[in-house]
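Novice:
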Amino acid sequence: MIKTQQNLDLALQIFNYAGQFHPDFTHNYDTYQAMIEKLSRAREFEEMEILLSQLQRLQLKCGENLFVTVIRNYGIASRPKLAIKTFLKIGDFGVKRSVRSFNTLLNAMIQNRRFDLVHLLFKNCKEKFGITVNVFTCNILVKALCKMNDLDGAIKVLDEMPGMGMIPNLVTYTTILGAYCCRGDLVGARKVFGEILNKGFIPDATTYTVLMDGFCNQGRMIDAIKIMDDMEENGIEPNDITYGVMIEALCKEKKAGEALNLLEDMIDKYVPSSALCCKVIDALCEDGKVEDACNIWRKLLKTNCTPDNAISSALIYWLCKDGKVWEARKLFNEFEKGSIPSVLTYNTLIDGMCERGELQEAGRLWDEMVEKGCLPNVFTYNMLIKGFCKMGKASEGVGVLEDMVDKGCLPNKFTYSILIDGLLKSKQEKDIMKVLAVATSGGLLSLDRESWGIFVTKTVANSESWKHVLDNALLKTAT
């Protein structure tokens, strides 16, 4: 029952109830294991440690798997010291430590960038823990040394492995290959790749991708593309990471069309990340291919991959920048059918409408946004104020400021800068004092230093109206 219970709190209640209210009932190892593993995955380590202490006191026969899970989850939770502590106390439960729990510990150290500890633990594993390492242990050590930029040390381990009765595998060589690529030594990387082939290994997608990434980082796209072609000719399918590496590099090299072709190929097989799609959209739009960028959105929909807010916001931004605000609005309407747009998406479209002078539509979007429970933020208010100022209606911008303060949204220096510039341009200087009155309605301390700077630099400080408002603000602060 505990193992199948999805709700952690309920599982713990069942566990505690059974132990406390049924005097003849005692939990066995299986129920302890199920509960401890659930707690460790949920990072409820304090409660988990209580159960581990109970388990130790009861002296129930335990298995190493339990400790492997706990060590792994301590590693994921960035608690390397507790991972080590758990490994060291395995023997207190009458369980013999094996290379499996040791390898899990080393991986936890790698996750937390404690590469020095990997080397130290490896050197002492036989003498202190009675553990005989295997090829996986050596691979972890090679990885740690490469991460420490000690390529010579990693190669030394590679050379010593046969003497320890282990044959280096594809993972070992791929890790060394990656270290050469990180150094920018592509000649050395090619040499290791040749060695992989000579030893009879068949490079997998990871090996090819590591080599491609090395060439991409050097801007050698032709070589990287050739490696990808060789990979496919050898019957190895690119994985999502392969596509990501190549697409990002093509975007960086301003090859938007090629990046789009690869992304479309990727969409047929995998779900690309939002960040990757946005990079291609940006590259296409910077190249003036806004329609091609919109086709990414349509292709994602056709393959049942719903584009998220970031993708939709990027497209709306570029359409608005291209002056196609109504096409952006149409895309926005399509997007709304699938999910509720974020504040970012609304802000992007409202800004586009304000820039084109479509204040009525911007207002409609505002109302729609509020209606759907998506609260405007300071950027939303600033854009609307900017729109009014641009149309010569700065006094209406003052009304937006008043509404902003009433709603509890704190203006920033840009709010005041936009509004004061708009009022000065419209020759409505008298309303500047109204803005200051709103800004200091909570006393002088409600304005930060930068916002005060805006008022001081953009207005005449010796005017009587300024002095009157300043006196009132001082009185409010004093009381």
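Residue numbers for the sequence shown follow UniProt numbering, beginning at 1 and rising by one. No residue lacks a Cβ here, since even glycine has one placed at the ideal position from N, Cα and C. Just so you know, these numbers come straight off a predicted model, no measurement behind them.
Looking at C-alpha atoms only, which residue of 219, 200, 66 is the closest neighbour of residue 40?
Specialist: In the sequence shown, the residue the question calls residue 40 occupies position 40. Taking only the C-alpha atoms, the option nearest residue 40 is 66.
Novice: Hey, out of 161, 43, 217, 258, whose CA is closest to residue 178's CA?
Specialist: The residue given as residue 178 occupies position 178 in the sequence shown. If we check each option's Cα against that of residue 178, 217 comes out closest.
Novice: Less than 8 Å separating the beta-carbons of residue 42 and residue 8?
Specialist: Here residue 42 refers to the residue found at position 42 of the sequence shown. Here residue 8 refers to the residue found at position 8 of the sequence shown. Cβ atoms of residue 42 and residue 8: closer than 8 Å.
Novice: Measure the Cβ-Cβ separation of residue 181 and residue 210 and say whether it is below 8 Å.
Specialist: Working through the sequence shown from its first residue, we reach residue 181 at position 181. Working through the sequence shown from its first residue, we reach residue 210 at position 210. In this structure, residue 210 lies closer than 8 Å to residue 181 by Cβ.
Novice: Among the residues of its own chain, which have a CB less than 6 Å from the CB of residue 384, if the five just before and after it don't count?
Specialist: Within the sequence shown, the letter at position 384 stands for residue 384. Taken in chain order, the residues that qualify are 400.
Novice: For residue 358, which residues in the same chain have their Cβ closer than 7 Å to its Cβ, ignoring the five residues on either side in sequence?
Specialist: Here residue 358 is taken as the residue at index 358 of the sequence shown, counted from 1. These residues qualify, in order along the chain: 325.
Novice: Do you know offhand how far residue 296's Cα is from residue 264's?
Specialist: The residue given as residue 296 occupies position 296 in the sequence shown. The residue given as residue 264 occupies position 264 in the sequence shown. Answer to the nearest angstrom: the Cα atoms are 8 Å apart.
Novice: Could you check what DSSP says for residue 209 in three-state terms: helix, strand or coil?
Specialist: Looking up residue 209 in the sequence shown gives position 209. Helix at residue 209.
Novice: Jot down the residue ranges of each uninterrupted alpha helix (DSSP H) in the region 7-41, minimum 4 residues, whole runs only, in chain order.
Specialist: 8-21, 29-41, all fully within the region 7-41.
Novice: How far does the alpha helix (DSSP H) with residue 354 in it extend, from its first residue to its last?
Specialist: Locating residue 354 in the sequence shown gives position 354, where the first residue counts as 1. Note, residue 354: alpha helix (DSSP H), 343-355.
Novice: Return the CA-CA distance between residue 214 and residue 419, expressed in angstroms with no decimal places.
Specialist: Here residue 214 refers to the residue found at position 214 of the sequence shown. Here residue 419 refers to the residue found at position 419 of the sequence shown. When rounded, the distance between both Cα atoms is 51 Å.
Novice: Is it right to say residue 164 is buried, meaning 16 or more other beta carbons lie within 10 angstroms of its own, or is it exposed?
Specialist: As a position in the sequence shown, residue 164 is number 164, starting the count at 1. Residue 164 should be labelled exposed.
Novice: Residue 544: buried (16+ other C-beta within 10 angstroms of its C-beta) or exposed?
Specialist: Because the chain spans 1 through 479 in this model, residue 544 falls outside it and cannot be assessed.
Novice: Is the Cβ-Cβ distance between residue 140 and residue 155 less than 8 Å?
Specialist: Counting from 1 along the sequence shown, the entry for residue 140 is found at position 140. Counting from 1 along the sequence shown, the entry for residue 155 is found at position 155. Contact: no.
Novice: Specify whether the region 220-229 and the region 197-206 touch according to this definition: at least 3 beta carbon pairs, one from each stretch, less than 8 Å apart.
Specialist: At 8 Å Cβ cutoff, the stretches do not touch.
Novice: Short of 6 Å in beta carbon distance, which residues of its chain neighbour residue 461, apart from the five on each side in sequence? Order them along the chain.
Specialist: Taking the first residue of the sequence shown as position 1, residue 461 is located at position 461. Note that residue 461 scores a pLDDT of 47, beneath 50, so its modelled location is shaky and nothing firm can be said.
Novice: What do you get for residue 312, buried or exposed, if any count of 16 or more other CB atoms within 10 angstroms of its CB means buried?
Specialist: Numbered from its first residue, the sequence shown carries residue 312 at position 312. By the 10 Å Cβ count, residue 312 comes out buried.
Novice: Can you say whether residue 411 is buried or exposed, counting buried as having 16 or more other CB atoms within 10 angstroms of its CB?
Specialist: Position 411 of the sequence shown, counted from the first residue, corresponds to residue 411. By the 10 Å Cβ count, residue 411 comes out buried.
Novice: For the region 369-388 against the region 344-359, are there 3 or more C-beta pairs whose distance is under 8 Å?
Specialist: Yes, they touch.
Novice: Taking Cβ to Cβ, would you say residue 104 is nearer than 8 Å to residue 79?
Specialist: Taking the first residue of the sequence shown as position 1, residue 104 is located at position 104. Taking the first residue of the sequence shown as position 1, residue 79 is located at position 79. No, the Cβ-Cβ distance between residue 104 and residue 79 is not below 8 Å.
Novice: From residue 435 to residue 115, what distance separates their C-alpha atoms?
Specialist: Counting from 1 along the sequence shown, the entry for residue 435 is found at position 435. Counting from 1 along the sequence shown, the entry for residue 115 is found at position 115. Rounded to the nearest angstrom, the two C-alpha atoms are 58 Å apart.
Novice: So, at 6 Å on beta carbons, what are the nonlocal neighbours of residue 223 in its own chain, with the 5 sequence-adjacent residues on each side left out?
Specialist: Residue 223 sits at position 223 when you count from the first residue of the sequence shown. Same-chain partners within the cutoff: 215.
Novice: Going by CA-CA distance only, name the one from 107, 133, 129 that's closest to residue 143.
Specialist: Within the sequence shown, the letter at position 143 stands for residue 143. It is 107.
Novice: Please classify residue 12: is it buried, with 16 or more other beta-carbons within 10 angstroms of its beta-carbon, or exposed?
Specialist: The count along the sequence shown starts at 1 and reaches residue 12 at position 12. Classification of residue 12: buried, given that the 10 Å Cβ count is 16 or more.
Novice: Quick check on the DSSP output: what are the complete alpha helix (DSSP H) runs of length 4 or more inside the region 256-305, in order along the chain?
Specialist: If we require 4 residues or more, the alpha helix (DSSP H) runs fully inside the region 256-305 come out as 256-267, 274-286, 290-302.
Novice: Looking at the structure shown, is residue 445 part of a helix, part of a strand, or coil, going by DSSP?
Specialist: For the purposes of this step, residue 445 is taken as the residue at position 445 of the sequence shown. At residue 445, the pLDDT of 45 sits below 50, so the modelled position is not reliable; the number obtained from the coordinates is stated separately. The answer is helix: DSSP assigns residue 445 an H, G or I state.
Novice: Which term fits residue 17, buried or exposed, when burial requires 16 or more other beta carbons within 10 angstroms of its beta carbon?
Specialist: The residue given as residue 17 occupies position 17 in the sequence shown. Looking at its Cβ environment, which holds fewer than 16 other Cβ atoms inside 10 Å, residue 17 is exposed.
Novice: Hey, would you say residue 166 sits closer than 8 Å to residue 138, going by beta carbons?
Specialist: Taking the sequence shown and counting its residues from 1, the one referred to as residue 166 is at position 166. Taking the sequence shown and counting its residues from 1, the one referred to as residue 138 is at position 138. Going by C-beta atoms, residue 166 is nearer than 8 Å to residue 138.
Novice: Cα separation between residue 255 and residue 329?
Specialist: What you label residue 255 is simply residue 255 of the sequence shown in a count that begins at 1. What you label residue 329 is simply residue 329 of the sequence shown in a count that begins at 1. Straight-line Cα distance between these residues: approximately 29 Å.
Novice: If I'm right that residue 60 touches residue 112 with Cβ under 8 Å, what's the distance once you round it to whole angstroms?
Specialist: Taking the sequence shown and counting its residues from 1, one reaches residue 60 at position 60. Taking the sequence shown and counting its residues from 1, one reaches residue 112 at position 112. Actually they are not in contact, since the Cβ atoms of residue 60 and residue 112 sit about 31 Å apart, beyond 8 Å.
Novice: Three-state secondary structure (DSSP) at residue 150?
Specialist: Taking the first residue of the sequence shown as position 1, residue 150 is located at position 150. Three-state result, residue 150: coil.
Novice: Taking only the alpha-carbon atoms, compute the straight-line gap between residue 205 and residue 237 and give it to the nearest angstrom.
Specialist: As a working note, residue 205 is residue 205 in the sequence shown. As a working note, residue 237 is residue 237 in the sequence shown. Straight-line Cα distance between these residues: approximately 7 Å.
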